[in-house]
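Working notes, structure below.
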Amino acid sequence: SYQFYNTFPFFPNHAEIKIEGNQDIGKGSIEAGCFIPMSNRLNKGLSIRFFAGTFFYNKYDGLADFRFRLSDQGGSHDYTFDDTFLNRNGEIGTFSGNQLSIADGGFSFPTPVGQTSKYLVSLNLKYSIPFQFPLSVFFDIGTYSGASDAFPGSVAIPYVAGLKLVLIKDAIEINFPVFWSDDIKSAAKLAGLKYGQCITWTFNIKQFDPVYLLRNYRYYK
19 SYQFYNTFPF FPNHAEIKIE GNQDIGKGSI EAGCFIPMSN RLNKGLSIRF FAGTFFYNKY
79 DGLADFRFRL SDQGGSHDYT FDDTFLNRNG EIGTFSGNQL SIADGGFSFP TPVGQTSKYL
139 VSLNLKYSIP FQFPLSVFFD IGTYSGASDA FPGSVAIPYV AGLKLVLIKD AIEINFPVFW
199 SDDIKSAAKL AGLKYGQCIT WTFNIKQFDP VYLLRNYRYY K
């Protein structure tokens, strides 16, 4: 992978190009993001994240799941073991199973919608409300190969929007969905999820690692 970071406080930005492959699969992705300050406090403003990924080939027929997905990454999908999870095999709708790390489509919602072995594109927006209360508004939107007819009731452009309680920026955050597209709503209903079971949270232990902070310090996510 190739990573670029610019920590300039008035317009921090980053980009990452990643290629993964072996004899069975080949996939590539690009992630880019920036933070636009909206007030005299540089930590308040609009975060923008863009992701696009595609498979070059896929001959794998084993149990591991290498697909791209709109939803943030849960423990069972972290096949590179880059992140720390309370329970890697947690079930969606449970406290431990709703821990997510930012990856792929970046949707802050526990949904199976948008899993693909072809291509996926998404945009994630997060606006930190310019007050003392640690609250942000988020909006995630994207599409994937065959989205409009992936299953009965699927839509071409899924989305989810809501509120994010930021306890420690980029480290401990809780996501409360407010609006979401019909396909995501149908999938949640089919799984028997109540509203409380759709609330997700992140715990990025890397943000407490001094070495990681020195290497990756920036003002945005």
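The sequence shown runs 19 to 239 under my numbering.
Built from N, CA and C at the ideal position, the CB exists for glycine as well.
Query: Span separating the alpha-carbon of F125 from that of I202; Result: 11 Å
Query: Residue(s) in a DSSP beta bridge with A173; Result: The question names Ala, yet the displayed sequence has Val at residue 173. V173 pairs with nothing; no bridge assigned.
Query: Rounded distance between the beta-carbons of G132 and P176, thought under 8 Å; Result: 6 Å
Query: K36, buried or exposed, once every other Cβ within 10 Å from all chains shown has been counted against 16; Result: exposed
Query: Member of A121, V184, S163 whose CA lies at the smallest distance from the CA of P148; Result: V184
Query: Distance between E38 and F273 (C-alpha atoms, nearest Å); Result: Beyond the ends of the chain as shown, which are 19 and 239, falls residue 273; an answer cannot be given.
Query: Inter-residue spacing [alpha-carbon to alpha-carbon] between G123 and W219; Result: 16 Å
Query: Three-pair Cβ contact test at 8 Å for the segment 40-56 versus the segment 73-93; Result: yes
Query: Own chain residues within Cβ distance below 6 Å of I54, not counting five before or after; Result: G63, L64
Query: Span separating the alpha-carbon of Y20 from that of F68; Result: 16 Å
Query: Pairwise C-alpha distance: A121 and Y98; Result: Residue identity check: residue 98 is Thr in the sequence provided, not Tyr. Using only the alpha carbons, I get a separation of about 12 Å.
Query: Which listed residue (N142, N116, P30, F22) has its alpha carbon closest to that of P130; Result: N116
Query: Buried versus exposed call for Y235 [16 or more other C-beta atoms within 10 Å across all chains shown]; Result: A caution first: Y235 carries a pLDDT of 49, below 50, which makes its placement in the model unreliable, though a value can still be read off. Exposed, because fewer than 16 other Cβ atoms sit within 10 Å of the Cβ of Y235.
Query: Coarse secondary structure for Y237, derived from DSSP in three states; Result: Its pLDDT being 39, under 50, Y237 is placed unreliably by the model, and nothing is read from it.
Query: Beta strand (DSSP E) segments (min. 3 residues) lying fully within the segment 109-192; Result: 137-146, 153-162, 177-186
Query: C-alpha distance - V155 paired with Q41, whole-angstrom precision; Result: 42 Å
Query: Which listed residue (S146, G171, N142, S135) has its alpha carbon closest to that of Y162; Result: S135
Query: CB contact flag (C216, P128, <8 Å); Result: yes
Query: For Q91, the three-state DSSP class (helix, strand or coil); Result: strand
Query: Beta-bridge partners of K45, as assigned by DSSP; Result: E38, F73
Query: Extent of the continuous alpha helix (DSSP H) to which L208 belongs; Result: 200-208
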